[in-house]
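J.: In the UniProt record's numbering, the protein residues as written are 1 to 372.
A virtual CB, placed ideally from N, CA and C, is assigned to each residue, including glycine.
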Ligand SMILES: Nc1ncnc2c1ncn2[C@@H]1O[C@H](COP(=O)(O)OP(=O)(O)O)[C@@H](O)[C@H]1O
Ligand SMILES: [Mg+2]
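#1: Helix or strand or just coil, what does DSSP make of residue 300?
#2: Taking the C-alpha atoms as reference points, what is the distance between residue 151 and residue 107?
#3: Starting from residue 226 and walking both ways along the alpha helix (DSSP H), at which residues does that stretch end?
#4: Quick one: any contact between the stretch 116-136 and the stretch 65-83, if contact means 3 or more CB pairs under 8 Å?
#5: Would a C-beta distance cut-off of 8 Å place residue 177 and residue 199 closer than the cut-off?
#6: Please determine whether the Cβ atom of residue 41 lies at a distance below 7 Å from any heavy atom of ligand 1.
#7: Would you mind reading off the limits of the alpha helix (DSSP H) that contains residue 332?
#8: Would you mind listing the beta strand (DSSP E) stretches within the stretch 39-77 that are 3+ residues and don't spill past its ends, in chain order?
#9: Answer with buried or exposed for residue 197, where buried requires no fewer than 16 other C-beta atoms within 10 angstroms of its C-beta.
#10: Just how far apart, CA to CA, sit residue 44 and residue 159?
#11: Output yes or no for whether 8 Å exceeds the beta carbon distance between residue 329 and residue 265.
#12: Is residue 189 closer than 8 Å to residue 27 when the C-beta atoms are compared?
#13: Among 337, 148 and 74, which residue has its Cα nearest to the Cα of residue 307?
#14: Using CA atoms only, rank isn't needed, just tell me which of 109, 17 and 157 is closest to residue 51.
#15: Once DSSP output is grouped into helix, strand and coil, what is the label at residue 139?
#16: Determine contact between the stretch 298-315 and the stretch 217-226, defined as no fewer than three beta-carbon pairs at a distance below 8 Å.
#17: Taking the Cβ atom as the reference point for each residue, do residue 124 and residue 146 lie within a distance shorter than 8 Å?
#18: Quick one: is residue 277 buried, meaning 16 or more other Cβ sit within 10 Å of its Cβ, or exposed?
#19: Which two residues bound the contiguous beta strand (DSSP E) that contains residue 169?
#20: Determine the direct distance from the alpha carbon of residue 370 to that of residue 344, and round the result to whole angstroms.
#21: Identify, in the order they occur along the chain, each residue of the same chain with its Cβ nearer than 8 Å to the Cβ of residue 273, setting aside the five sequence neighbours on each side.
#22: For the beta strand (DSSP E) containing residue 249, name the first residue and the last one.
#23: For ligand 1, any of its heavy atoms closer than 7 Å to the Cβ of residue 129?
#24: From residue 331 to residue 283, what distance separates their C-alpha atoms?
#25: Look at the Cβ atom of residue 229, then the Cβ atom of residue 360, and state whether they are nearer than 8 Å.
#26: How would you label residue 15, buried or exposed, when you count the other beta carbons within 10 angstroms and need 16 or more for buried?
#27: Using the Cα positions of residue 170 and residue 321, report the straight-line distance between them to the nearest angstrom.
#28: CB of residue 335 to nearest heavy atom of ligand 1: below 7 Å?
#29: Among 347, 279 and 271, which residue has its Cα nearest to the Cα of residue 240?
#30: If we count the other Cβ atoms within 10 Å of its Cβ and call it buried at 16 or more, is residue 325 buried or exposed?
#31: State the beta-bridge partners of residue 284 as determined by DSSP.
#32: Is residue 99 near ligand 1, in the sense that its beta carbon is under 7 Å from a heavy atom of that ligand?
#33: If you count every other CB in all the chains shown that lies within 10 Å of the CB of residue 23, and 16 or more means buried, which is it?
#34: Please name the residue in 29, 167 and 11 whose C-alpha comes closest to that of residue 137.
Listed below in structure tokens is the structure:
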């Protein structure tokens, strides 16, 4: 059992560097939880506080209901895997995995049993006599994971463990770590700046920015219901497009006026946008929700010039300019306009988001549950 609760956790380094501000999140027993956010947002600090490698400035850390703030790292039963996993170069794979257990004075037979079991799980059993320099990058990363597994911890913490690997290997290791989670049935917290890693691995994603948790949720929930412009732009690839629109009254309805085109929000969006008549808001649309038209549509048509295109085989990304922003649409590969051509799109308006210009809050979905 290992349920982890962060209650108002704050970290201030050296008395004045705020690194994490009042984090509230519960990670259930056996959950795979991913913390994701740009560099410097406080992910590693959060993980290091959970591991006990960093003092907690404010708030409480609970594991299975017990306050852990002052419990030393070795008594927390947590293992951490870092990006820079630094294996001992002069030791074999076997000794690298066994080392942590030896210094804990675990008996030899037990160490042997655990190292052999972990190496089987990780497909390293035929490499036990090798030194790290005779391994591939992926194998070295597996040894680092092996060092954590042999300790049979209640909780695994991963801090960007795949950042040093090439793209193909990252995809493979991503699947291996997910499989490991199902196999070990342990609580895992995984930190990454890569939203694709977060989306593909996590059952719960914690999105951080600027030292604070922005939103917590399942991958597709965050994709469909981002609480603010930051989350909307961070989750999804290519990212959501944003441009400004002015909300204007039109009888008892409102329209979103971009200047060169007008969009009619859905009934539900209308309800929330009425309060914004006369104001500018951010309009957000994902590349996959901007639908290419063979001919201009009667309503909600966006007519724009093509500035660039990227044929990727399975789809083509068509770039246009709206205001000062490059806007991208994911199109069928048969869509093949020339640069400078005028093309037409209709947005899937029910998927579009409107964000308050100042607070950047998602205006039309106030029901998004805030649990942090
Ligand atoms: N040991 C430290 N001393 C002072 N400031 C630190 C220290 N470690 C991290 N920070 C600062 O805390 C903030 C969060 O850092 P970190 O948790 O490493 O972010 P992330 O892992 O998301 O990239 C950053 O502004 C960083 O400069
Ligand atoms: Mg970090």
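T.: Answer, in terms of the structure:
#1: Looking at residue 300 - three-state DSSP - the assignment turns out to be coil, as it is neither helix nor strand.
#2: Rounded to whole angstroms, residue 151 to residue 107 spans 13 Å at the Cα level.
#3: Note, residue 226: premise wrong, no alpha helix (DSSP H); not H, not E.
#4: Not touching, per the Cβ criterion.
#5: At the C-beta level, residue 177 and residue 199 stay beyond 8 Å of one another.
#6: Correct: residue 41 has its Cβ closer than 7 Å to ligand 1.
#7: Taken as a continuous stretch (DSSP letters only), residue 332 belongs to no alpha helix (DSSP H), as it is neither H nor E.
#8: Runs of the beta strand (DSSP E) inside the stretch 39-77: 58-63.
#9: Burial state of residue 197 is buried, judged by a 10 Å Cβ sphere holding 16 or more other Cβ atoms.
#10: Spanning the alpha carbons of residue 44 and residue 159 requires a straight line of approximately 7 Å.
#11: Not a contact, by the Cβ cut-off of 8 Å.
#12: Between residue 27 and residue 189, the C-beta gap is smaller than 8 Å, which places the two residues in contact.
#13: It is 337 whose Cα lies nearest to the Cα of residue 307.
#14: Closest by alpha carbon: 157.
#15: Reduced to three states, the DSSP call for residue 139 is helix.
#16: Counting C-beta pairs with one atom in each stretch, the stretch 298-315 and the stretch 217-226 have fewer than three that are closer than 8 Å, which means they do not touch.
#17: For residue 124 and residue 146, yes; Cβs fall inside 8 Å.
#18: Label assigned to residue 277: exposed.
#19: Boundaries for residue 169: no beta strand (DSSP E) harbours it, while the alpha helix (DSSP H) harbouring it runs 167-184, taken from the DSSP string.
#20: If you take the alpha carbons of residue 344 and residue 370, they lie about 38 Å apart.
#21: The residues are 247, 254, 256, 265, 281, 354, 363 and 364.
#22: First-last of the beta strand (DSSP E) with residue 249: 241-250.
#23: Because no heavy atom of ligand 1 lies under 7 Å away, the Cβ of residue 129 does not count as near it: no.
#24: About 20 Å.
#25: Taking 8 Å as the Cβ cut-off, residue 229 and residue 360 qualify as a contacting pair.
#26: Per the 10 Å Cβ criterion, exposed.
#27: Cα to Cα, residue 170 sits roughly 34 Å from residue 321.
#28: Residue 335 Cβ: outside cutoff for every heavy atom of ligand 1.
#29: Residue 347 is the option with its Cα nearest to residue 240.
#30: Exposed, since its Cβ has fewer than 16 Cβ neighbours within 10 Å.
#31: According to DSSP, residue 284 bridges with 242 and 353.
#32: Not one heavy atom of ligand 1 lies closer than 7 Å to the C-beta of residue 99.
#33: Classification for residue 23: buried.
#34: It is 167.
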